[in-house]
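Take a look at the structure below.
Residue numbers (my numbering), protein chains in the order written: chain A, 59 to 294; chain B, -2 to 295.
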């Protein structure tokens, strides 16, 4: 299957500190790939590098057949890559609807825009009920739904999700996992960063384990379900 | 200046005249402050060249009116040329200074000085005036009031309504909000934050020129005229709340009225001093101003 995303020999830095070391990963068209690792291992930096939110980096990021390593973030997003950051980055003073409207591509007609926002409200009915509420008044779980909805409303071919269950109450985590389950069965590629491999394995086709900025393991779900890997790289 | 007793015994006609004076004065302050509000409040850049742009807009209007004989063409030329200057400055210099407040201050201060000195060099330091396209008076609530001042009030209200609609009803308004609060987040939603910054700066520059062109028939133009407006405009945007258009409008109106009625009791200098002292006390108790609020990312 052809690749939608290829990251080759990526090194990323925050100031003088190197965070990623020769990282190479790929995602196939409609494939679902997981990135696992403990806190501070470079998972978020990897996603931020893909969408060019990190200036200081070397290596290559390819989207389909195009080098997007130095492409401005907004252009990458307009090319149908959507990114849901770990801290959600909801505009708290804007309403739920305005947050969604902002993410709808400009060149889309009003009818299609309404249709897409309607689909998000159908999928996340609590967002629909709170459409006129400010983002800052939502609970953590609802904000996560809004962040995911905001990514989906742009109509992405590749979805980058950074720890979507992080910091949520267990009951909300179940809800988010249900949403993710639904997302990964659609015709869309997903790169999913998570700490909890057990919960995530059923969602993905294959994955990578990252340790101190190096890819140390990769393989299918059977390989990644090995308890020794979990103990070595993922247990705190 | 008249005595307190006389001031309290204003006739209804005198009261309306002072009220309209306050509104038109407030509207001029608002027009200057509106551009600053956009640039300072939303981009975060303290544009010390804004006053010079007001003067430049005024002079360009005067020169164009002198050449073409049309006030409207003069206003359009002033607004357009200053907007183009704003575009060039933003694209070449200013966008590099957004993350460096001190350099932003020095850069815009320097640009303002250059514009003022060029105006002074070309036109001399003597003030110039312009004939209004509305020279007569209009009867308003039984008072014969200068038509040009009423025109300024109408333009000010129109600008306030249009910009209010632009910020609250349009996609561009959403993009300005998003970029101003966190440009990195706006980028992951497909917003070209660089373009939003440029467009905002150009719009702010255009408002400066509009203020200069509109006030040219009321106040004589001199190269340094913008500086006198700037102090009051800064006060307005700080007390109104950073980046709040309605705050700027409200405080401009309040300041305009204080100036109009204050001059009944005190010398103009003391009225201005009192306004600044009152603003300082207000800011101590309400540091974010009337409508300023933080955007919190969660």
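From the three backbone atoms N, C-alpha and C, an ideal C-beta is built for every residue, glycine too.
_So that I know if they touch, is there some Cβ in chain B lying closer than 8 Å to that of residue 131 of chain A?_
yes
*Please report the residue range of the beta strand (DSSP E) in which residue 267 of chain B lies.*
No beta strand (DSSP E) contains residue 267 of chain B, which is instead part of the alpha helix (DSSP H) from 265 to 282.
*Pull up the distance between the alpha-carbon of residue 351 of chain A and that of residue 94 of chain A, whole angstroms please.*
Past the boundaries of the shown model lies residue 351 of chain A; chain A is included only from 59 to 294, so the question cannot be answered.
*Selection from B/57, B/273, B/81 that minimises the alpha carbon distance to residue 70 of chain B*: B/57
*Drop a sphere of 10 angstroms on the beta-carbon of residue 124 of chain B, count the other beta-carbons inside from all chains shown, and report buried for 16 or more, exposed for fewer.*
exposed
*Bounding residues of the beta strand (DSSP E) (the contiguous stretch that carries residue 120 of chain A)*: 115 to 121
_Presumed contact (8 Å Cβ cut-off) between residue 227 of chain B and residue 48 of chain B, rounded CB distance_ = 4 Å
_Presumed contact (8 Å Cβ cut-off) between residue 121 of chain B and residue 46 of chain B, rounded CB distance_ = That pair is no contact at about 21 Å.
*Does the beta carbon of residue 187 of chain B come closer than 8 Å to any beta carbon on chain A?*
yes
*Element boundaries [alpha helix (DSSP H), containing residue 148 of chain A]*: Residue 148 of chain A -> no alpha helix (DSSP H), and no H or E assigned at all.
*Rounded C-beta distance between residue 261 of chain A and residue 239 of chain A? I'm assuming under 8 Å.*
6 Å
*Using the beta-carbon of each residue, which ones in chain A are nearer than 8 Å to residue 184 of chain B?*
111, 130, 131, 132, 135
_As assigned by DSSP and simplified to three states, the class of residue 221 of chain A_ = coil
*Out of A/145, A/99, A/77, A/106, state which residue places its alpha-carbon closest to the alpha-carbon of residue 268 of chain A.*
A/99
*chain B beta carbons: is any one of them nearer than 8 Å to that of residue 190 of chain A?*
no
_alpha helix (DSSP H) runs wholly inside the region 188 to 218 of chain A, at least 4 long, in chain order_ = 198 to 210
*Exposed unless 16 or more other CB atoms sit within 10 angstroms - verdict on residue 214 of chain A*: buried
*What residues in the region 143 to 165 of chain A have a beta carbon less than 8 Å from any beta carbon of chain B?*
143, 145, 146, 147, 148, 149, 150, 151, 152, 156, 159, 160, 161, 163, 164
*Could you work out which residue in B/194, B/91, B/273, B/258 is closest to residue 21 of chain B when comparing CA atoms only?*
B/258
_Counting only Cβ-Cβ distances shorter than 8 Å, please list the residues of the region 247 to 271 of chain A near chain B, keeping chain order._
none
*Going by C-alpha distance, which of A/121, A/106, A/120 is nearest residue 114 of chain A?*
A/106
_Under 8 Å, with one C-beta from each stretch per pair, do the region 193 to 213 of chain A and the region 172 to 179 of chain A reach the 3-pair mark?_
yes
*Helix, strand or coil: how does DSSP classify residue 292 of chain B here?*
Confidence at residue 292 of chain B is low in this model, with a pLDDT of 49, below 50, so the placement of that residue should be treated as unreliable; the coordinate-derived value is given next. Note: residue 292 of chain B maps to coil in three-state DSSP.
*Excluding the 5 residues preceding and the 5 following residue 217 of chain B in the sequence, name in chain order all residues of the same chain whose CB lies nearer than 7 Å to its CB.*
124, 125, 126
*For residue 228 of chain A, name the three-state secondary structure that DSSP assigns.*
helix
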